[in-house]
Amino acid sequence: MHNTLIKSTVILLLSGIFFMPLQAKGKQWQLVWADEFNYEGVPDPAKWNYDTSGNTYGWGNREAQWYTKAEKKNAYVSNGTLKIVAIKESHNGKQYTSARLTTKGKGDWLYGRFEIRAKLPTGIGTWPAIWMLPTDWEYGGWPDSGEIDIMENVGYDPDTIVASAHTKKYNHAIGTQKNARIACRDNHKKFHIYALEWDENEYRIYIDKKLYFTFKNEGKGSEVWPYDKRFHLLLNLAIGGNWGGQKGIDDSLFPHTFEIDYVRVYQRKQ
Numbered sequence: 009m010h011n012t013l014i015k016s017t018v019i020l021l022l023s024g025i026f027f028m029p030l031q032a033k034g035k036q037w038q039l040v041w042a043d044e045f046n047y048e049g050v051p052d053p054a055k056w057n058y059d060t061s062g063n064t065y066g067w068g069n070r071e072a073q074w075y076t077k078a079e080k081k082n083a084y085v086s087n088g089t090l091k092i093v094a095i096k097e098s099h100n101g102k103q104y105t106s107a108r109l110t111t112k113g114k115g116d117w118l119y120g121r122f123e124i125r126a127k128l129p130t131g132i133g134t135w136p137a138i139w140m141l142p143t144d145w146e147y148g149g150w151p152d153s154g155e156i157d158i159m160e161n162v163g164y165d166p167d168t169i170v171a172s173a174h175t176k177k178y179n180h181a182i183g184t185q186k187n188a189r190i191a192c193r194d195n196h197k198k199f200h201i202y203a204l205e206w207d208e209n210e211y212r213i214y215i216d217k218k219l220y221f222t223f224k225n226e227g228k229g230s231e232v233w234p235y236d237k238r239f240h241l242l243l244n245l246a247i248g249g250n251w252g253g254q255k256g257i258d259d260s261l262f263p264h265t266f267e268i269d270y271v272r273v274y275q276r277k278q
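Pasting the structure below:
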């Protein structure tokens with residue numbers, strides 16, 4: 009979730025030519041972890057953590073929110089979905105609260121297929137994300153150990169979904185990041201499946217059944233491909249920041265809700 013400039017992008021309409029069938033229900037995949045959000049209350053503590061460690065410095069992206077811990081107003085499950093809610097309120101010197109959930113230590117994987125069915129918020133200043141970070145940081149700090157952005161969206165460009173890779177060689181801090189964009193004009197009205205398929209040779213990112221970004225292992229070591237170690241999932245709704253706040257924040261639109269229907273993780277059958 010470190011996009012400040014989006015360069016070298018590929019824009020594909022949902023009616024475009026790239027089509028790949030969903031394969032998770034086929035014989036080659038088996039479900040290894042899931043949260044169907046078929047309960048009520050706070051997110052399942054056996055599966056989710058609250059990440060608050062970067063609140064004081066804005067997570068390196070100058071974000072405007074304070075992420076809370078176990079505050080039901082910012083993250084709760086009801087009627088079959090997880091809601092991550094951003095609220096306009098003062099808290100510890102910030103003007104907004106929200107939540108950032110991770111599976112670190114409770115869901116960590118090397119390779120697999122990751123499906124997240126979600127409906128996005130909309131409004132200038134919002135920045136929802138579905139992404140992955142390394143669990144063990146074996147190649148060093150960001151970006152050396154990698155980052156996988158499955159879905160990002162900013163409120164001032166509401167119809168566009170972005171997928172990105174960040175590595176030591178390819179990252180936005182040096183203007184070399186690899187990413188792609190796809191138009192999805194109803195992402196804040198309807199649920200869509202945001203999916204990652206990741207193996208030792210490449211990873212592929214889909215929206216519903218449409219492949220729109222592939223990042224390949226170039227065989228040049230961890231500077232290009234740090235994706236041979238365990239990663240975990242993150243779900244969050246940021247406000248403002250270097251990218252999300254480029255056009256300001258419209259305070260009249262709060263609260264904002266990022267709604268997740270399910271998270272499912274599959275790995276290939278042995």
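Under the working numbering, the first residue of the sequence shown carries the number 9, and numbering increases by one thereafter. Think of the CB as a built atom: it goes at the ideal place given N, C-alpha and C, for glycine as much as any other residue. Just so it is clear, the structure is predicted and the values come from calculations on it, not from any experiment.
1. Measuring alpha carbon to alpha carbon, tell me which residue in Lys197, Arg212, Tyr235, Leu141 is nearest Leu243.
2. Between the Cα of Ile247 and the Cα atoms of Tyr47, Pro51, Trp74, Lys228, which residue gives the shortest distance?
3. In the DSSP assignment, the alpha helix (DSSP H) including Asn187 goes from what residue to what residue?
4. Please work out which residues of its chain come closer than 7 Å, Cβ to Cβ, to Arg276, disregarding the five sequence neighbours upstream and downstream, and give them in chain order.
5. Who are the near neighbours of Trp145 in its chain, counting only those whose CB is closer than 6 Å to its CB and skipping five residues on each side?
6. For Ala191, which of Pro166, Trp206, Tyr202 has the nearest alpha-carbon?
7. Hey, Asn69 and Leu109 are a contact pair by Cβ (cut 8 Å); roughly how many whole angstroms apart?
8. How many angstroms separate the CA atom of Gln31 from the CA atom of Ala72?
9. Where do the N-terminal and C-terminal ends of the alpha helix (DSSP H) with Trp251 fall, by residue?
10. Per DSSP, Trp139 forms a beta bridge with which residues?
11. Just to confirm my understanding: we take Asn63, look at its own chain, exclude 5 residues before and 5 after, and list those with CB closer than 8 Å. What are they?
12. Per DSSP, Phe221 forms a beta bridge with which residues?
13. Check Leu30 in the structure and name its three-state DSSP category.
A quick look at the data gives this:
1. As a working note, residue 243 is residue 235 in the sequence shown. When only C-alpha atoms are compared, the closest one is Leu141.
2. As a first step, residue 247 must be located in the sequence shown, where it is residue number 239. Looking at the Cα atoms, Trp74 is the closest of the given residues.
3. Position 179 of the sequence shown holds residue 187. Note, Asn187: premise wrong, no alpha helix (DSSP H); beta strand (DSSP E) at 186-191.
4. As a first step, residue 276 must be located in the sequence shown, where it is residue number 268. Cβ within range, chain order: Gln36, Trp37.
5. The count along the sequence shown starts at 1 and reaches residue 145 at position 137. Excluding positions up to five away in sequence, the list reads Ser153.
6. Residue 191 sits at position 183 when you count from the first residue of the sequence shown. With distances taken between Cα atoms, Ala191 lies closest to Pro166.
7. For the purposes of this step, residue 69 is taken as residue 61 along the sequence shown, with counting starting at 1. For the purposes of this step, residue 109 is taken as residue 101 along the sequence shown, with counting starting at 1. Rounded, the Cβ-Cβ distance is 17 Å, inconsistent with contact.
8. One-based indexing of the sequence shown puts residue 31 at position 23. One-based indexing of the sequence shown puts residue 72 at position 64. Confidence at Gln31 is low in this model, with a pLDDT of 46, below 50, so the placement of that residue is unreliable and no value is reported for it.
9. Residue numbering aside, residue 251 sits at position 243 when the sequence shown is read from its first letter. Unbroken alpha helix (DSSP H) run through Trp251: 249-252.
10. Residue mapping note: residue 139 aligns to position 131 of the sequence shown, counting from 1. DSSP output for Trp139 lists Asp157, Leu242 as bridge partner(s).
11. Position 55 of the sequence shown, counting from 1, holds the residue named residue 63. Closer than 8 Å at the Cβ level, and outside the excluded window around Asn63, lie Trp74, Tyr75, Asn100, Lys102.
12. Along the sequence shown, one-based indexing puts residue 221 at 213. Partner(s): Ile213.
13. Translated into the one-based positions of the sequence shown, residue 30 becomes position 22. Annotation note: pLDDT 45 at Leu30 (below 50); position unreliable, coordinate value reported separately. Coil, per DSSP.
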